[in-house]
Amino acid sequence: MPSNRAGLLVALLLSALTSCMHDVSQLAPGVSGRPNILFIMSDDHAAHALSAYGSRVNATPQLDRLAREGIRFDRVYATNSICTPSRATILTGMYSHKNGTPVFNRFDGSQPTVAKMLQAAGYYTAMVGKWHLGSDPTGFDYWNVLPGQGRYIDPVFYDRNGSEVYPGYVTDVITDLTIDVLKNRPKGKPFFLMSHHKAPHREWTPDEKNRKLFEGRQIPEPSTLWDDHSGRTDALREQQQSVFNDLTRRDLKLKPPAGLAGQDLQKWLGVKPVEVEVEIDGLARMLRGDELKHFKYRRYMQDYLACVQSVDDNVGRLLDWLDANGLRENTVVVYTSDQGFFLGDHGLFDKRFMYEESVRMPFLVRWPAGIRPGAVTDALAINCDFAPTFLEIAGLPVPSGMQGRSLMPLLKGTRPPDWRTSFYYRYYHDPGDHNTRAHYGIRTGTHKLIYFWKKDQWECFDLIKDPEELHNVYNDPAARTTVESLKRELARLKDEVEDDDRFAEEQPEGSSYVQAPPKKKK
């Protein structure tokens with residue numbers, strides 16, 4: 001869409017929004033004034049790495065506190081499980097083929113976003129932390145973000161005036177900056193504040209306190225860690241996101257030989273080791289085979305979970321600050337991740353695939369003035385729903401172009417009779433960073449159907465009988481009627497979200513943006 005046309009559309013839409021505002025008190029009885037919204041999002045935080053979701057591998061007391069004081073959504077899903085596309089969907093309420101961000105391409109900031117709509121309606125809008133959309137943020141009164149992926153130690157941040165280094169650990173720094181925004185915001189306005197963490201994204205560098213907490217800890221292995229992928233499509237055998245085969249020396253934090261530097265050091269760190277020397281009881285020992293596989297899983301998880309622990313600590317800091325400064329009752333606090341993540345499930349790390357661990361997002365909401373504490377819902381929700389929800393919380397209408405649906409009824413404890421019973425998913429980044437094959441599909445309350453369209457191969461799972469998605473029943477004669485019904489539903493949903501495949505055909509394989517380093521502040 002040309003920028004001038006997009007700008008006109010934004011202006012018309014914002015004018016309509018401000019003229020159609022309604023009384024928030026109708027939505028949240030007892031609330032004085034429009035609610036504030038604090039949206040906290042981590043990167044690659046799997047739902048099954050929160051104890052509120054029954055984690056076997058860690059405890060997250062501060063996130064559990066958020067669930068205990070609010071509502072836990074058990075079935076929230078990304079519609080394209082990869083960082084940049086999910087962020088674009090959260091801002092626009094639209095699928096990738098509608099917002100133009102299917103892979104790591106630059107987000108068109110001239111299009112309508114929830115931030116712009118809230119800003120036009122009188123909200124103070126701010127964005128802090130990991131942005132990762134290629135273009136600069138728009139629709140925010142204040143923003144200070146990481147360039148690209150950012151770094152864990154002494155991170156660089158940039159705003160409208162340039163960049164500077166902030167000493168410290170990135171999760172702590174993002175929380176510090178978030179609290180600064182809260183302290184310095186205009187007090188006469190409600191706020192919409194997006195606080196986005198880098199952690200626990202790869203390369204999983206913990207802070208020292210939490211590194212020591214998990215150092216040497218044995219981590220329970222998932223039941224599918226040794227999945228041999230039999231009966232599934234070629235996509236699983238061709239992927240390059242295997243814990244056993246694809247973690248590098250850098251990922252495993254192996255100590256390089258003395259004297260290595262520059263390109264030689266980077267080359268050494270990038271190797272996927274087939275043997276590793278470790279010290280046990282003061283003696284050097286070489287690990288190979290299954291021993292090495294157990295070691296790789298354990299090292300990966302120790303660092304990943306230590307990064308998660310820092311996020312949990314800092315969520316606690318934010319909740320404490322809100323509670324101590326009179327913002328507890330009428331501030332909607334949301335915690336989520338941009339998608340899920342494999343924690344050795346099916347032998348994998350990363351995300352992308354439509355399997356449950358990858359697409360399922362944690363989603364916790366606290367709003368004392370509007371939500372009954374300790375609530376749980378298993379209604380199917382998607383990341384297209386976030387923007388409509390924020391708009392309804394603020395008392396604004398939801399534009400017809402948004403493809404999600406407000407979660408407000410679920411927040412209030414009711415599920416509308418016509419609530420969705422299935423959702424559509426599409427992943428484009430093929431071959432991408434992990435040789436993950438492009439695919440689309442649907443998930444219902446009981447089944448999942450996945451089509452790897454470039455390979456013309458299908459998978460179908462009965463999620464009631466087979467929640468771990470180990471048995472592909474697509475070619476099972478007993479499942480023929482179910483498969484045919486799922487295909488009809490898939491066609492219906494594709495049509496409903498207006499995905500006619502042309503957008504997918506226009507995407508170059510593995511396309512991505514390269515962000516220029518921001519200029520330093522004078």
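Going by the working numbering, the sequence shown opens with residue 1, and the numbers climb by one from there.
Even glycine gets a Cβ: it sits at the ideal position worked out from N, Cα and C.
Keep in mind the model is a prediction, meaning the values are calculated, not measured.
>> Between the segment 329-338 and the segment 37-52, can you find at least three pairs of beta-carbon atoms closer than 8 Å?
In response: Taking 8 Å as the limit for Cβ pairs, the verdict is that the segment 329-338 does touch the segment 37-52.
> Among D350, L260 and P256, which has the Cα closest to the Cα of M301?
Replying inline: Nearest C-alpha to M301: D350.
> If you draw a straight line from the alpha carbon of G129 to that of G216, how long is it in whole angstroms?
Replying inline: So the two alpha carbons sit approximately 31 Å from each other.
> Roughly how many whole angstroms lie between the Cα atoms of D320 and L66?
Replying inline: One C-alpha to the other measures close to 11 Å.
> Given a threshold of 16 other Cβ atoms within 10 Å of its Cβ, counted over all protein chains shown, does N161 qualify as buried or as exposed?
Replying inline: Exposed is the call here.
> What are the uninterrupted segments assigned as beta strand (DSSP E) that are 3 or more residues long and contained completely in the segment 45-84, given in chain order?
Replying inline: Within the segment 45-84, the runs of beta strand (DSSP E) that reach at least 3 residues and sit entirely inside it are, in chain order, 71-77.
> So is Q266 buried or exposed if we call it buried at 16+ other beta carbons inside 10 Å?
Replying inline: With fewer than 16 other Cβ atoms from the protein chains shown falling within 10 Å of its own Cβ, Q266 counts as exposed.
> Do three or more CB pairs link the segment 145-156 to the segment 275-295 at distances below 8 Å?
Replying inline: These segments do not touch.
>> Do T446 and I464 count as a contact pair if the criterion is CB distance below 8 Å?
In response: It is a contact, given that the beta carbons lie within the stated cut-off.
> Measuring CB to CB, does G340 end up less than 8 Å from A52?
Replying inline: In this structure, G340 lies away from A52, with their beta-carbon atoms at least 8 Å apart.
>> So, for L407: in the same chain, excluding its five sequence neighbours on each side, which residues have a beta-carbon less than 7 Å away from its beta-carbon?
In response: Closer than 7 Å at the Cβ level, and outside the excluded window around L407, lie A381, D385 and T389.
> So, is the C-beta of T377 closer than 8 Å to a C-beta in chain C?
Replying inline: Going by chain labels, chain C is absent from the structure shown, which holds only one protein chain.
>> For I40, report the span of its beta strand (DSSP E) as first-last.
In response: From DSSP, the beta strand (DSSP E) with I40 extends over N36 to S42.
>> For S358, report the span of its beta strand (DSSP E) as first-last.
In response: For S358, there is no enclosing beta strand (DSSP E); the residue is part of the alpha helix (DSSP H) that begins and ends at E356 to V359.
> Mind checking whether Y169 and I153 have CB atoms under 8 Å apart?
Replying inline: Yes, the Cβ-Cβ distance between Y169 and I153 is below 8 Å.
> Ends of the beta strand (DSSP E) at C460?
Replying inline: Start and end: Q457 to D462.
> Between the C-alpha atoms of D44 and A306, what's the straight-line distance to the nearest angstrom?
Replying inline: Each residue's Cα considered, the two are about 13 Å apart.
> Can you tell which of R488, E392, R420 and D313 has the C-alpha that lies nearest to the C-alpha of Y77?
Replying inline: Nearest C-alpha to Y77 among R488, E392, R420 and D313: R420.
> My guess is that R317 and E69 are in contact by the Cβ rule of under 8 Å, so how many angstroms apart are they, rounded?
Replying inline: 16 Å between Cβ atoms; not a contact.
> DSSP state of Y513, grouped into three classes?
Replying inline: Here Y513 sits in coil by DSSP.
> Are the segment 451-459 and the segment 265-282 in contact at 8 Å, needing three or more beta carbon pairs?
Replying inline: No: fewer than three Cβ pairs fall under 8 Å.
>> So, with DSSP's three-state summary, where would you put T436?
In response: In this structure, T436 counts as coil in the three-state DSSP scheme.
>> With DSSP as the reference, identify every bridge partner of M194, one or two as the case may be.
In response: Looking at the DSSP assignment, M194 forms a beta bridge with F39 and M127.
>> Run through the DSSP bridge pairs and tell me what W143 is partnered with.
In response: Beta-bridge pairing by DSSP links W143 to M127.
>> Could you check whether Y425 and M354 sit closer than 8 Å to each other, using their CB atoms as the reference points?
In response: Contact: yes.
> Within 10 angstroms of its Cβ, does E392 collect 16 or more other Cβ (buried), or is it exposed?
Replying inline: Classification of E392: buried, given that the 10 Å Cβ count is 16 or more.
>> Pull the bridge partners of K520 from the DSSP assignment, please.
In response: Beta-bridge partners of K520 (DSSP): S163.
> Quick one: Cα of V24 to Cα of G404, how far?
Replying inline: Here V24 scores only 47 on pLDDT, less than 50, and its place in the model is too uncertain to base an answer on.
> With a CB to CB cut of under 7 Å and the five nearest residues on each side skipped, what residues in its chain are close to I371?
Replying inline: Excluding five sequence positions before and after I371, the CB atoms of its chain that fall closer than 7 Å to its own CB belong to G70, I71, V365 and L411, given in chain order.
> Do you know offhand how far E506's Cα is from Y428's?
Replying inline: Counting only the Cα atoms, Y428 lies some 11 Å from E506.
> How many whole angstroms separate the CB atoms of T233 and E496, which I take to be in contact at a CB cut-off of 8 Å?
Replying inline: Cβ-Cβ separation between T233 and E496: approximately 26 Å, too far for a contact (criterion under 8 Å).
>> Considering only the alpha carbon of each residue, which of G262, G270, A379 and F295 lies closest to E541?
In response: The question about residue 541 has no answer here: the residues shown for the chain are numbered 1 through 522.
>> Taking the beta carbon of E275 as the centre, do at least 16 other beta carbons fall within 10 Å, making it buried, or is it exposed?
In response: By the neighbour-count criterion, in which a residue is buried when 16 or more other Cβ atoms sit within 10 angstroms of its Cβ, E275 is exposed.
>> To test your reading of the DSSP string, which unbroken beta strand (DSSP E) runs of 3 or more residues are found completely within the segment 366-395?
In response: Fully enclosed beta strand (DSSP E) runs of 3 or longer: 375-377.
> Closest by CA to D418, which one among D433, S81 and A379?
Replying inline: With distances taken between Cα atoms, D418 lies closest to A379.
> By how many angstroms is the C-alpha of P256 removed from the C-alpha of G262?
Replying inline: Roughly 12 Å between the two C-alpha positions.
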